[in-house]
Each structure stands twice: as C-alpha cells, then as structure tokens.
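K.L.:
Please read through the structure below; I'll follow up with questions.
Residue numbers (my numbering): 124 to 212.
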C-alpha cells in the first residue's frame, strides 16, 4: 500500500506557504514522512498535515504578562465602581 508522494513545492503551494519555509519545516523534522530523494529533492506523503504553530518562550511570557495586566485592570475597574471590595482581592 504505497502512499502518494508529492514534491515539497506542491505541498507548500496547497497550504499557501513558501517552498523555502516548507523545506525548513522538513529539515527540522516538523513534517512527518518527509524525505530527500536523489540527494536534492524533498518528497512527502500527500496527506501530511501542516505542523502546529509553536510559540517561542518570549511570546509565551509576553502573553502571560498581558493576561496578568488585563486581570489587574479588570480588578481596578471593578474596585472603582464598587463591584468588589479590596477585602475580596
């Protein structure tokens, strides 16, 4: 049972990304089943899913700081309008 193999350029075009980015994904092991043929051409199964996006540590820390700031802002507004007391915080 052979899987249909397509070039990495075709796969990238189907997903709307550049060929070079697709090659980078393959080189870093983020595309399961991708392999080099004849020492220069990348091929992969046609049904290979797009990799999930991984956030860098810096972006994850920034998102955590933003969430903390938004919670503090909400507490200040609620305190200002008397929705919660300082004792409840």
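C-beta atoms are modelled at their ideal positions from N, C-alpha and C, and glycine is treated no differently. No experiment lies behind these values; they were computed from the predicted model shown.
1) Considering only residues of the same chain and omitting the five flanking positions on each side of residue 127, which have a CB-CB separation below 6 Å?
2) Would you say the segment 149-166 touches the segment 128-136, given that touching needs at least three Cβ pairs under 8 Å?
3) Tell me the start and end of each unbroken beta strand (DSSP E) in the segment 144-193 that is at least 3 residues and wholly inside, in chain order.
4) Measure the alpha-carbon distance for residue 193 versus residue 203 and round it to whole angstroms.
5) If contacts are defined as beta-carbon pairs under 8 Å, then residue 146 and residue 165 qualify, I think. What distance do you get, rounded to the angstrom?
6) Is it true that the CB of residue 138 sits closer than 8 Å to the CB of residue 173?
7) In whole angstroms, what separates the C-alpha of residue 197 from that of residue 190?
P.N.:
Let's see:
1) Numbered from 1 along the chain shown, position 4 holds the residue referred to as residue 127. If we look at residue 127 and ignore the five residues flanking it on each side, its Cβ neighbours are 169.
2) Touching, yes, given that three or more Cβ pairs across the two stretches are closer than 8 Å.
3) 158-160, 164-168
4) Stepping through the chain shown from its first residue, residue 193 is reached at position 70. Stepping through the chain shown from its first residue, residue 203 is reached at position 80. Taking the straight line from one Cα to the other gives about 15 Å.
5) Indexing the chain shown from 1 puts residue 146 at position 23. Indexing the chain shown from 1 puts residue 165 at position 42. Rounded, the Cβ-Cβ distance is 6 Å, consistent with contact.
6) Here residue 173 refers to the residue found at position 50 of the chain shown. Here residue 138 refers to the residue found at position 15 of the chain shown. For residue 173 and residue 138, yes; Cβs fall inside 8 Å.
7) Stepping through the chain shown from its first residue, residue 197 is reached at position 74. Stepping through the chain shown from its first residue, residue 190 is reached at position 67. Each residue's Cα considered, the two are about 11 Å apart.
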